[in-house]
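Undergrad: One structure follows; several queries about it will come next.
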Amino acid sequence: MSDTTNITVSERGTYSAFFYGTLLHPKVLKRVIRNTGAHLKISPAILEGYVRHKVLWADFPAIISSTQSHETFQTEPTEEGDRVRGSYVSGLTAMDIFFLDRFESGLYAREMVDVCLLAEPVDLDDVDLGALIQVSPENITKMRTTYALTYVWSKPLSQLKAEPWSFAEFVHTKLDNWA
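Residue numbering for the sequence shown follows UniProt numbering, starting at 1 and increasing by one per position.
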């Protein structure tokens with residue numbers, strides 16, 4: 001996995017990340033970081049200027065910049081489509097990041113992005129999955145913007161489908177394979 005930016009560490013020595021795919025689900029995140037996640041806080045969030053796509057022959061998605069998406073798939077920019085709904089997770093340890101990097105290795109580059117939180121962070125086990133699944137831009141209240149790490153697709157764009165990836169569909173049809 002390539003690291004295209006320096007990692008910003010909080011004063012407590014922890015990290016924050018934005019997840020938009022399989023890692024949105026707490027069960028998958030806990031499995032990947034190999035612990036209970038009791039030290040983590042989570043909030044629904046939005047990443048502006050990116051588009052989430054299905055990856056060919058995969059259950060997981062990828063994000064690319066909205067410019068790349070529109071050029072590759074010959075689509076027009078839309079306010080609703082040029083943002084990615086996901087989760088902001090804070091309190092990640094260096095070991096958590098190590099396991100996340102291993103999980104994402106080979107396909108993604110870790111980048112620092114600005115994300116808009118949609119609610120105050122809560123304990124990982126207290127998150128409302130409905131708030132993470134909801135994709136409607138209606139009544140979105142952006143509470144604050146903050147920095148977070150995320151994993152951006154780094155392989156050829158020909159490996160992506162124009163079709164958007166759905167977290168709700170993943171939970172309904174594939175979660176048991178991942179959690």
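We put the CB at the ideal spot given by N, CA and C, even for glycine.
Using C-beta distances below 7 Å, list every residue in its chain close to G86, excluding the 5 sequence neighbours before and after it, in chain order.
TA: Excluding residues within five positions, the ones whose Cβ falls inside 7 Å are F18, F19, Y20, L24, A45, L47.
Undergrad: One question on the structure: do W165 and R31 come within less than 8 Å of each other, judged by their Cβ atoms?
TA: Cβ distance not < 8 Å, so W165 and R31 don't count as in contact.
Undergrad: For the 8 Å Cβ check, are there 3 or more pairs between the segment 101–113 and the segment 145–154?
TA: Verdict: yes, contact present.
Undergrad: For my contact list, E163 and K41 are in at a C-beta cut-off of 8 Å; report their separation, rounded to the angstrom.
TA: With a Cβ gap of about 32 Å, E163 and K41 do not count as contacting.
Undergrad: So within the segment 19–83, which uninterrupted alpha helix (DSSP H) runs reach at least 4 residues, ignoring any that extend past its ends?
TA: Counting only runs of 4 or more, we get 26–33, 66–73.
Undergrad: Can you give me the Cβ contacts of K27 inside the same chain, cut-off strictly under 6 Å, excluding the 5 residues immediately before and after it?
TA: Cβ within range, chain order: A179.
Undergrad: What does a CB cutoff of less than 7 Å around G49 pick up in its chain, not counting 5 residues either side in sequence?
TA: Cβ within range, chain order: S65, S66, D82.
Undergrad: Is N139 helix, strand or coil when you go by DSSP?
TA: Residue confidence for N139 is low, a pLDDT of 49 falling below 50, so the modelled location carries little weight and cannot support an answer.
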